[in-house]
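These protein sequence lines are chains U and Y, in that order. Under my numbering, read the first sequence as residues 1 to 381, first letter to last. Under my numbering, read the second sequence as residues 382 to 667, first letter to last.
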Amino acid sequence: MAEVRLKDVMKIYPPVDTKKHNVKHLEVTEKGVVAVQQFNIDIQDKEFIVLVGPSGCGKTTTLRMIAGLEEISEGELYIDGELVNAVAPKDRDIAMVFQSYALYPHMTVFDNMAYSLKIKHVPKDEIKRRVEEAAEILDITKYLQRKPKALSGGQRQRVAIGRAIVRNPKVLLMDEPLSNLDAKLRNQMRAELLKLQNRIQTTIVYVTHDQVEAMTLGDRIVVMKDAYIQQIGTPQEVFNHPANTFVAGFIGTPQMNFFEGELLREGNDYSVKYKDYVVKLSENKAKRLAENHVESQSITFGVRPDQMRVGEEGLTAVVEVSEMMGTSSHLHTKIDGQDVIVIVPTNGDDASEMEEIKVSFSGKMVHVFSKEDGRNLEFSV
Amino acid sequence: MDKKNKRAAMQLAVARILVYAVIIFLCFLCLFFFVMLFVNSSRTNNQLQRGFTLIPGGHFFFNMKNAFTDSSIQIPRGMINSFIVAAGAAVCTTYFSALTAYGLYVYNFRLKKIAYTFIIAVMMIPTQVSAVGFVQLAYKYGLNNKLWVLIVPSIAAPAVFFYMYQYLKATLPIDIVEASRIDGSSEFATFNRIVLPIMKPAMAVQMIFSFVAAWNNYFLPALLLTKAEKKTVPIMIAQLRSADYSKFDMGKVYMLILLAILPVIVVYVFLSKSIIKGVTSGSVKG
């Protein structure tokens, strides 16, 4: 049992450091540079939480505050119901996997994994049993007597994870653990992390800048930008109902297409208009907009590339480049000078360069955002 | 074409000869004094007075017997004293310099920069200057003729600190320290069990250097050690050299010098590999 609760947690770095670092995107107050703004979340026991965002958004800082490696400037952090703001990392009963693995170079794999248990004076045979069990789970039993430098990147990664899980920590923290692996190994380890979580049944907080990792691993995702939480939700929620244009653009590859258009209201019916092209929004969407008393206005709306259809009518798009991805092709097109990506199945529409096509989209898949602050108009503030 | 090639080959040969000549000259400079020491230690005082030769004499063991039976010095005692001081100083210097370097490298505190600058500034002060006060202090509290008084000041070694600091900067990622903290290790345990082993090459090389420096040190021991049973080897050599005319024996002096440098030679012969490794490692990240 270990819930983690962050209440109004903030990280403020002293102003002296601002000259050295690029902090233009962050708020600078009298106290200093705010790297993490009012962070509030209740992490359930055994939940897999992923913090995701572009570099410099404060996700690693948040993780390090949970670990105790970084002081919490304001707010409260509870692990298992206990306030731990002033508790040293060694007494928080957490484990962490570092981006650089941070294995002890002079120790064998066995000693690396056993170190935390030795410090706690766990009996020798118990240490042996637990290390071997963890090694078994991670398939590194053969390497127990090797030093880290005699291992490949993927194997080192497993050792780092093994060192963390051997202690049965209350919370397991992971800081971009897969970012140093090559693409193939990363996919493989991602699947193994999922299996691992089912097996070890512990609370995991995971940091990544890769939205694919976030979508596949997280029970819930926390999307961050410029020190602020943008949205907290399940992968489905974040993908289908992005809270604002940033989340909409950040989650999903290729990126969502945005259009500057008009929202038209007629009674309880809504439609979006771009140039002469008008699409009626689905009932569900119209209902939510009506509930929020959204009137006709200028808006930004977004459509994901895989929801764009090529057909007889719609907006005129000029295909500039066609990327063959295998089962589908990504068409990089221009509509009125604006970049728009359209995904088409490979066997069908074979659009070559500079060809003009007509693209359309359905009202079910349009995301409507406020033009002023970019928030999703379907959801109340 | 052929001519050109020949000329290039000639030039290369000349350059090579020059390089070898320089290296041979440097080798000669290094080794000549050791050979002379060995030759001289096998000649009697009389022979030595007559002048310089490269042919060893036959009185090596005669000189050794003389040295060991000289009543004014106790060679075994001196060797032990020297060893206690040198080993103690080597351990203290390296351990505490590493500890200081670690503290300044890993922790962030307000006076960090000032502390670093201060330590580096201490390097500028010659030992002779600070020794005056130190010797006075030692005599005032009756600490002369105590070996540990020579060991304790070696804790403060700015040059060794600087070397350790550079070495840490090149080899120790902060992540490892943080990983150890999260693993539940205390700050001292992290230093002793994680950081020290990583610093082993740097520790080894500095230990050798400070051992040799302390072994050869004459200045402070000469000021502080007056009792015969507390004297270190360099003081004994000086004592033999300044003996009055009737007792003066150059053969004995050379023999004692030879005995004095023996441990140093042994250290270098056996540890030269790790010395080279230690001197070069840390400079390049790898």
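From the three backbone atoms N, C-alpha and C, an ideal C-beta is built for every residue, glycine too.
Under the three-state DSSP convention, the category Phe98 of chain U falls into:
coil
Alpha helix (DSSP H) segments (min. 4 residues) lying fully within the stretch 120-183 of chain U:
124-138, 153-165
If we cut at 8 angstroms on Cβ distances, does Ile563 of chain Y have a partner in chain U?
yes
Per DSSP, which one or two residues make a beta bridge with Arg220 of chain U?
U:Ile49
In whole angstroms, what separates the C-alpha of Phe250 of chain U from that of Asn257 of chain U?
11 angstroms
From the DSSP output, which residues share a beta bridge with Leu264 of chain U?
U:Ser271
Alpha carbon to alpha carbon, how far is Leu193 of chain U from Leu217 of chain U?
8 angstroms
Please report the residue range of the beta strand (DSSP E) in which Phe361 of chain U lies.
356-361
So is Ala295 of chain U buried or exposed if we call it buried at 16+ other beta carbons inside 10 Å?
The sequence shown places Glu at residue 295 of chain U, rather than the Ala named in the question. So Glu295 of chain U counts as exposed.
Positions along the stretch 100-111 of chain U whose CB lies within less than 7 angstroms of some CB in chain Y:
Ser100, Ala102, Tyr104, Pro105, His106
Rounded to whole angstroms, what's the CA-CA distance from Val204 of chain U to Ile94 of chain U? Just pull it up for me.
In the sequence on display, residue 204 of chain U carries Ile and not Val. Their backbone Cα atoms lie some 10 angstroms apart in a straight line.
Three-state class that DSSP yields for Glu329 of chain U in the structure shown
Note on identity: in this sequence residue 329 of chain U is Ser, with Glu being the wrong assignment. In the structure shown, Ser329 of chain U sits in a strand (DSSP, three-state: E or B).
As assigned by DSSP and simplified to three states, the class of Tyr649 of chain Y:
helix
Tell me, to the nearest whole angstrom, how far the beta carbon of Val159 of chain U is from that of Ile140 of chain U; I am working on the premise that it is less than 8 angstroms.
6 angstroms
Can you list, in chain order, the residues of its chain with a C-beta nearer than 7 angstroms to that of Lys46 of chain U? Leave out the 5 residues immediately preceding and following it.
Gln201, Thr202, Thr203
The stretch 542-573 of chain Y: positions lying closer than 8 angstroms to chain U by Cβ
Pro554, Asp556, Ile557, Glu559, Ala560, Ser561, Arg562, Ile563, Asp564, Gly565, Ser566, Ser567, Ala570
Which same chain residues, not among the five before or five after Lys31 of chain U, have their C-beta less than 6 angstroms away from its C-beta?
Ile12
If distances are taken between C-alpha atoms only, which option among U:Pro345, U:His293, U:Lys273 comes closest to Gln449 of chain U?
Nothing can be reported for residue 449 of chain U: it is not among the residues displayed for chain U, which extend from 1 to 381.
Check distances from the C-beta atoms of the stretch 578-611 of chain Y to those of chain U and list, in chain order, the residues that come in under 9 angstroms.
Pro578, Ile579, Lys581
Sufficient close CB pairs (3 or more, under 8 angstroms) joining the stretch 108-115 of chain U to the stretch 124-132 of chain U:
yes
When Y:Ala624, Y:Pro615, Y:Ile657, Y:Thr475 are compared against Leu643 of chain Y, the one with the closest alpha-carbon
Y:Pro615
Say whether the stretch 354-370 of chain U touches the stretch 306-320 of chain U, bearing in mind that this needs 3 or more beta-carbon pairs closer than 8 angstroms, one atom from each stretch.
yes
Would you call Lys149 of chain U buried or exposed, if buried means 16 or more other Cβ atoms sit within 10 Å of its Cβ?
exposed
For my contact list, Lys225 of chain U and Phe246 of chain U are in at a C-beta cut-off of 8 angstroms; report their separation, rounded to the angstrom.
5 angstroms
Quick check: what's the CA-CA separation for Val272 of chain U versus Asn376 of chain U?
14 angstroms
Of the residues U:Tyr277, U:Glu323, U:Glu291, which one's Cα is nearest the Cα of Gly267 of chain U?
U:Glu291
Specify the secondary structure class of Ser664 of chain Y as computed by DSSP and reduced to three states.
In this prediction, Ser664 of chain Y has a pLDDT of 41, which is less than 50 and means its spatial position is unreliable; what the coordinates show is noted afterwards. Ser664 of chain Y: coil per DSSP, three-state reduction.
Please state whether DSSP places Tyr488 of chain Y in a helix, a strand or coil.
coil
With DSSP as the reference, please indicate the residues paired to Lys384 of chain Y in a beta bridge.
Beta-bridge pairing links Lys384 of chain Y to no other residue.
Should Pro575 of chain Y be flagged as near chain U, meaning a C-beta pair shorter than 8 angstroms?
The amino acid at residue 575 of chain Y is misidentified as Pro; the sequence shows Ile. Yes, because at least one Cβ of chain U sits closer than 8 angstroms to the Cβ of Ile575 of chain Y.
CB contact flag (Ile563 of chain Y, Pro105 of chain U, <8 angstroms):
no
Can you name the residues of chain Y whose CB is closer than 8 angstroms to the CB of Met215 of chain U?
Under the 8 angstroms cutoff, chain Y gives no residues; its nearest Cβ is about 27 angstroms from Met215 of chain U.
So for Ser73 of chain U, helix, strand or coil by DSSP?
coil
Could you compute how far the alpha carbon of Gly667 of chain Y sits from the alpha carbon of Tyr486 of chain Y?
Here Gly667 of chain Y scores only 36 on pLDDT, less than 50, and its place in the model is too uncertain to base an answer on.
Taking the alpha carbon of Val97 of chain U as the point to measure from, which residue in U:Gln44, U:Lys118, U:Thr60, U:Gly81 has its own alpha carbon closest?
U:Thr60
Nearest to Leu531 of chain Y by CA position, among Y:Val541, Y:Ala540, Y:Tyr520, is which residue?
Y:Tyr520
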